[in-house]
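Working notes, beginning with the structure itself.
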Amino acid sequence: MNPKIETLRSLEEFDHILRDIENEHYQVAGFKIVKPSSEFIKIAEKGRAKLTKKIDPRILAQYERIMKRYGGRVVVQVIHEFCGGCYVKLPSELAARCRTELVTCPNCGRFLYYVK
Ligand SMILES: [Zn+2]
């Protein structure tokens with residue numbers, strides 16, 4: 138996988154963790170209720186901040202915009218040339234490029250990646 142996509146996916150993971158911590162309903166999902174320690178939250182926030190330094194500011198701004206707009210699922214999988222975020226059919230050339238380059242969906246703007 139493209140290393141830039143991997144970094145963005147890790148960032149998304151941190152954002153989901155930090156968001157779930159604030160969401161009480163998440164705790165109802167059948168897990169043992171554990172209140173995250175302030176130590177864990179600090180570590181997660183630090184990890185997130187460290188990642189953001191690795192990302193081009195323009196790409197980070199784009200990521201933040203999409204995260205705000207859709208509330209999650211910023212980096213999505215391409216499934217048979219369809220965007221996994223908005224389900225639009227992608228041009229074959231674009232779908233092929235996301236194997237090696239950082240590419241966004243022309244419809245929803247999400248970052249795309251391909252899994253064999
Ligand atoms: Zn899309």
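Here the sequence shown is numbered in this note's numbering, starting from 138 and rising by one per residue. C-beta atoms are modelled at their ideal positions from N, C-alpha and C, and glycine is treated no differently.
How about the stretch 211-230 and the stretch 138-146: do they share at least three Cβ pairs that are nearer than 8 Å? yes
To the nearest angstrom, how far is it from the Cα of R206 to the Cα of G246? On the sequence shown, position 69 is the one that residue 206 refers to. On the sequence shown, position 109 is the one that residue 246 refers to. Roughly 10 Å between the two C-alpha positions.
Note down the Cα distance separating P140 from S175, rounded to an integer number of angstroms. Walking along the sequence shown from the start, residue 140 turns up at place 3. Walking along the sequence shown from the start, residue 175 turns up at place 38. Each residue's alpha carbon lies about 30 Å from the other.
Helix, strand or coil for G172? Go by DSSP, reduced to three states. Within the sequence shown, numbered from 1, the residue matching residue 172 stands at position 35. Per the sequence shown, the amino acid found at residue 172 is Lys instead of Gly. In this structure, K172 counts as coil in the three-state DSSP scheme.
Using three-state DSSP, classify L249 as helix, strand or coil. Numbered from its first residue, the sequence shown carries residue 249 at position 112. Here L249 sits in strand by DSSP.
Hey, A232 and E218 are a contact pair by Cβ (cut 8 Å); roughly how many whole angstroms apart? Walking along the sequence shown from the start, residue 232 turns up at place 95. Walking along the sequence shown from the start, residue 218 turns up at place 81. Yes, A232 and E218 are in contact; Cβ-Cβ is about 4 Å, under 8 Å.
Once you ignore the five residues that flank M138 on each side, which residues in its own chain have a CB closer than 7 Å to its CB? Taking the sequence shown and counting its residues from 1, one reaches residue 138 at position 1. Non-local C-beta neighbours of M138 in its own chain, meaning closer than 7 Å and more than five positions away in sequence, comprise Y250, ordered along the chain.
Compare the beta carbon distance of D152 and M204 with 8 Å and say whether it is the shorter of the two. Numbered from 1 along the sequence shown, position 15 holds the residue referred to as residue 152. Numbered from 1 along the sequence shown, position 67 holds the residue referred to as residue 204. Yes, the Cβ-Cβ distance between D152 and M204 is below 8 Å.
Mind listing which residues have their beta carbon within less than 5 Å of any non-hydrogen atom of ligand 1? Chain order is fine. C220, G222, C223, C242, N244, C245
Could you pull out every residue in the same chain whose Cβ sits closer than 7 Å to the Cβ of V252, ignoring the five residues on either side in sequence? For the purposes of this step, residue 252 is taken as residue 115 along the sequence shown, with counting starting at 1. Closer than 7 Å at the Cβ level, and outside the excluded window around V252, lie Q214.
Would I225 and R234 qualify as a contact pair, given that the criterion is a beta-carbon distance under 8 Å? Your numbering for residue 225 matches position 88 in the sequence shown. Your numbering for residue 234 matches position 97 in the sequence shown. Per the sequence shown, the amino acid found at residue 225 is Val instead of Ile. No.
Spell out the partners DSSP gives Q214 in its beta bridges. In the sequence shown, the residue the question calls residue 214 occupies position 77. Answer is Y250, bridged to Q214.
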